[in-house]
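Participant: The working numbering applies: residue 23 is where the sequence shown begins, and numbers increase by one. Can you read through this structure? Questions will come right after.
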Amino acid sequence: MKRWYLFGFISAVLMSCTSSETRIVTNKKGKYTINMPPEWDYSLEDLSTRLYRTRYYGTNYVTGTLFVSMTDSDYESLEESVINYVGQLKHGFTDYKKIGDGLTQINGVTTSWHRMKDTDKGTRFVTLQYLMQPKGRKLFVINCSATEGTFDDFEDDFNKIAFSFKILD
23 MKRWYLFGFI SAVLMSCTSS ETRIVTNKKG KYTINMPPEW DYSLEDLSTR
73 LYRTRYYGTN YVTGTLFVSM TDSDYESLEE SVINYVGQLK HGFTDYKKIG
123 DGLTQINGVT TSWHRMKDTD KGTRFVTLQY LMQPKGRKLF VINCSATEGT
173 FDDFEDDFNK IAFSFKILD
């Protein structure tokens, strides 16, 4: 009987240590928050936040990375900023290929998305970008990137994290 109580106690402790709760990451300088699954890590870099998760695939470790940045756009509107920003991508990446683009909403803010493939140091990547310019010239960019063969495994987390993005007042 004591064994069952001990087993129950140990199980309860282990379950409390492996919480499935998301963590809220706040970038005070960038004035935004983003929710992160418990198995992800992060680092804050001034106005930017880098979230990442490394997984083991067979004999390799692969990392999915989500990078949030804020910058001042040279343009007044999201549409102009997207045309300029996305227009520069094909010149800045090796073997750039646009996969798709469109508009969505993230917490009430009109957001442009752009999906692309590129090659870096011989490795093919898929990147999904969300761009939002809620007011004025402040442009928020969320880049979600992983290798071409592993992007699908990270995509649900990428979208959950990106769509949790909130601008602080």
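Quick reminder that beta carbons are idealized off the backbone N, C-alpha and C, glycines included.
In three-state DSSP terms, what is Asn-106?
Facilitator: On the sequence shown, residue 106 is found 84 positions in, with the first residue counted as 1. Helix.
Participant: Quick one: what's Trp-135 bridged to in DSSP?
Facilitator: Here the question's residue 135 lines up with position 113 in the sequence shown. For Trp-135, which the question treats as bridged, DSSP gives the partners Gly-124, Tyr-152.
Participant: In its own chain, which residues sit with a C-beta less than 8 Å from the C-beta of Thr-87, not counting the 5 before and 5 after it?
Facilitator: Within the sequence shown, numbered from 1, the residue matching residue 87 stands at position 65. Once the five neighbours on either side are set aside, the close Cβ partners of Thr-87 are Arg-72, Leu-73, Tyr-74, Asn-165, Cys-166, Ser-167, Ala-168.
Participant: With distances taken between CB atoms, is the gap from Lys-188 to Asn-129 smaller than 7 Å?
Facilitator: Locating residue 188 in the sequence shown gives position 166, counting from the first residue. Locating residue 129 in the sequence shown gives position 107, counting from the first residue. It is a contact, given that the beta carbons lie within the stated cut-off.
Participant: For Gly-52, does the count of other Cβ atoms within 10 angstroms reach 16, so buried, or fall short, so exposed?
Facilitator: Here the question's residue 52 lines up with position 30 in the sequence shown. By the 10 Å Cβ count, Gly-52 comes out buried.
Participant: Is Asp-68 buried or exposed, if buried means 16 or more other CB atoms sit within 10 Å of its CB?
Facilitator: As a position in the sequence shown, residue 68 is number 46, starting the count at 1. Exposed, since its Cβ has fewer than 16 Cβ neighbours within 10 Å.
Participant: Is Thr-141 a contact residue of the ligand GTP, with contact defined as CB to any heavy atom under 6 Å?
Facilitator: Summarising the ligand content, the structure contains no ligands, and the ligand GTP is consequently not present.
Participant: Since Phe-89 sits in a beta bridge, which residues does DSSP pair it with?
Facilitator: The residue labelled residue 89 in the question sits at position 67 within the sequence shown. According to DSSP, Phe-89 bridges with Arg-72, Asn-165.
Participant: Expressed to the nearest angstrom, what Euclidean distance is found between the alpha-carbon atoms of Phe-180 and Gln-110?
Facilitator: Stepping through the sequence shown from its first residue, residue 180 is reached at position 158. Stepping through the sequence shown from its first residue, residue 110 is reached at position 88. Distance between the alpha carbons of Phe-180 and Gln-110: 23 Å.
Participant: Who are the Cβ neighbours of Met-138 in its own chain at under 7 Å, not counting the five residues just before and after it?
Facilitator: For this step, residue 138 is matched to residue 116 along the sequence shown. For Met-138, where only same-chain residues beyond five positions count, the Cβ hits under 7 Å are Leu-111, Tyr-118, Lys-119, Lys-120, Ile-121, Thr-149.
Participant: First and last residue of the beta strand (DSSP E) that includes Glu-67?
Facilitator: Locating residue 67 in the sequence shown gives position 45, counting from the first residue. First-last of the beta strand (DSSP E) with Glu-67: 63-67.
Participant: Between the alpha carbons of Ser-65 and Tyr-54, how many angstroms are there, rounded?
Facilitator: Counting from one through the sequence shown, the residue named residue 65 turns up at place 43. Counting from one through the sequence shown, the residue named residue 54 turns up at place 32. Each residue's Cα considered, the two are about 14 Å apart.
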